[in-house]
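Residue numbers (the numbering used here): 943 to 1532. These notes concern the structure reproduced below.
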């Protein structure tokens, strides 16, 4: 009974320890991922332009950094604390029973600790070096192989010593070897299976995150940050539940793996005592055999487990908190407000100077000034790289100009809440970004301020000249269109994008080369939809093909970041300037 108490204490103590720490770690991971994704969505667009913040890198942070932080603060931290406590207790016991021998052993402690610490630091440094993936894989394989060989050699030596000192007791201890190995190996398999299940569950959450981050301009322009954050958290809840389901089982297996060694000790001590009593073998041999065989066996089981690098967890934590503490350079004047402002559509650029953050020395707009009156259509034309698309990105406040002012209805757009500003704008881009949802969902995403009714969705689809096609589908508006609208043709995607822009009834409609990627037939259909969409709205059109903007009220020709010419189509041809040259070149090409 006395021998059973320590065994039960280790069993239940390990069970409670692993369960509580695992539970706390999973909650920490869930909270970190929620905060990380929210922090990503609130960053300005220029932050996503940096190479370090590509969609792949950001999603790796979501899936990897949070887990690594858990590894640095969860079970690993408890093992460190437990090891320190064990060491202090061992020193105390050694001093109590035989202080002179304790001092001899203690003299070696700093050397052993330094060697272990140096080994860990070297490993951490090697992992953190930016080496080729293949080189790291080969190196890791070599390290693991050396540990396995070392453990097997230790086990064989332990068996040899056991048989040399007392073969009968050695056989008793050897009988427990498969159980100890199986317990440690099984615990590792459980951990691996748990990680696999979590990884599979994470795929859906990562897919939502990738979709949001890779299409951040569209998400931000539509004001759908909160929607994607909610979807991400919904998918993440599944990951959280998978992890929680494994807490009890993992704790039980860990408790069994921890206590089986003590069962083996108990059996060896019991049988060894019988041999001492009945056959008079030296009692010291009992300890030598038990220690050598059981610890040697445990080393083989431990060889199957390779503790994650604590340094990686600390590095991940530093990255996480750097992002959480970072504030967007595009400041929202009213963080959660819903401005009732409804613009008329008057747009003014006054002496705007701008360079992209990744190319500060390359000016895109230089002393750029332009005005658009309400209800009028202005076309921006010019050679590639002259700043046409940049103009509308500044209007959406994806970026702020280095100097100068942009105004909507006489109001500096930097003083307007981002949500309120972007709700006034409808954007149809050259390559429309649609989400893996139904057609109705994709259209309704255009207005995030209210619940859009089905009748409004149908009305917008009719204005976009896409209703007839949608109605012909078996599932109608509930048809799923695949990732990025892969189930639709280019013209169909473009018209869905137009309907999405119209659903919010924008005061300013931005057409960024909306028909340049379409064939002739699709262009005609889309062009009719665009003509309907322009009615009663201020329209800013970016065009490469000048034939599509001849009916614009004003054509603004950009060159070297400035307004070179502006006027109607006929006026600009009469001036025989930059526009005349571009028009003539396109006629010759056609």
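Quick reminder that beta carbons are idealized off the backbone N, C-alpha and C, glycines included. From a predicted model like this one, the values you see are computed outputs, not experimental measurements.
Residue range 1480-1484 is occupied by the beta strand (DSSP E) that includes residue 1481. For residue 1425, no alpha helix (DSSP H) segment is defined, and its DSSP state is neither H nor E. One thing to note: residue 1452 has its Cβ no nearer than 8 Å to the Cβ of residue 1317. The residue from 1475, 1345, 1510 and 1470 with its alpha-carbon nearest to that of residue 1488 is 1510. DSSP places residue 1501 in the uninterrupted beta strand (DSSP E) bounded by 1496-1501. Contact between residue 1484 and residue 1307 is ruled out by a C-beta separation of about 14 Å, above the 8 Å threshold. In the DSSP assignment, residue 1310 falls within the beta strand (DSSP E) that extends over 1305-1314. For residue 1377, no alpha helix (DSSP H) run applies, since DSSP gives it neither H nor E. Here residue 1528 carries a helix assignment [DSSP, helix/strand/coil].
Between the C-alpha atoms of residue 984 and residue 1450 there is a straight-line separation of about 24 Å.
Between the C-alpha atoms of residue 1395 and residue 967 there is a straight-line separation of about 43 Å.
DSSP, reduced to helix, strand and coil, places residue 1174 within a helical segment of the structure shown. Annotation: the continuous alpha helix (DSSP H) that includes residue 990 extends over 987-991.
In this structure, residue 974 sits away from residue 1265, with a CB-CB distance that is not shorter than 8 Å. Nearest neighbour of residue 1486 by Cα position, chosen from 1326, 992, 1465 and 1217, turns out to be 1326. Counting only the Cα atoms, residue 1523 lies some 11 Å from residue 1516. Under the 10 Å beta carbon count, residue 1299 is surrounded by fewer than 16 other beta carbons and is classified as exposed. The three-state secondary structure of residue 1431, taken from DSSP, is coil.
When 1438, 1179, 1320 and 1158 are compared, the shortest CA-CA separation from residue 1289 is found for 1320. Under the 8 Å Cβ criterion, the stretch 1416-1426 counts as touching the stretch 1369-1385, having at least three qualifying pairs. Nearest to residue 981 by C-alpha distance, out of 1331, 1171, 1284 and 1355, is 1171. Closest option to residue 1378, judged by alpha-carbon separation, among 1157, 995 and 969: 1157. An exposed status is given to residue 1391, since fewer than 16 other beta-carbon atoms sit within 10 Å of its beta-carbon.
When rounded, the separation of the alpha-carbon atoms in residue 1454 and residue 1444 is 15 Å. Separation of the CB atoms of residue 1440 and residue 1413 is rounded to 17 Å, and the pair is thereby denied contact status at 8 Å. Residue 1004 and residue 1292 have their alpha carbons spaced roughly 41 Å apart. In this structure, the CA atom of residue 1430 is about 7 Å from the CA atom of residue 1423. Comparing C-alpha distances from residue 1314 to each of 955, 1475, 1525 and 1497 shows the shortest one belongs to 1497. If you ignore the 5 residues before and after residue 1458, its C-beta comes within less than 8 Å of the C-beta of 1372, 1485, 1486 and 1487, all in its own chain and listed in chain order. Non-local C-beta neighbours of residue 1354 in its own chain, meaning closer than 7 Å and more than five positions away in sequence, comprise 1347, ordered along the chain.
Here residue 1163 is buried, its C-beta having at least 16 other C-beta atoms within 10 Å.
Its Cα nearest to that of residue 1415, the residue 1381 stands out among 1399, 1381, 1402 and 1401. Sixteen is the threshold: since fewer than 16 other Cβ atoms of the shown chains lie within 10 Å of the Cβ of residue 1267, the residue is exposed. Counting the other Cβ atoms within 10 Å of the Cβ of residue 1410 gives fewer than 16, which makes it exposed.
When secondary structure is reduced to three states using DSSP, residue 1161 falls in the helix class. Distance from the Cα of residue 1260 is smallest, within the candidate group 962, 1008 and 1305, for 1008.
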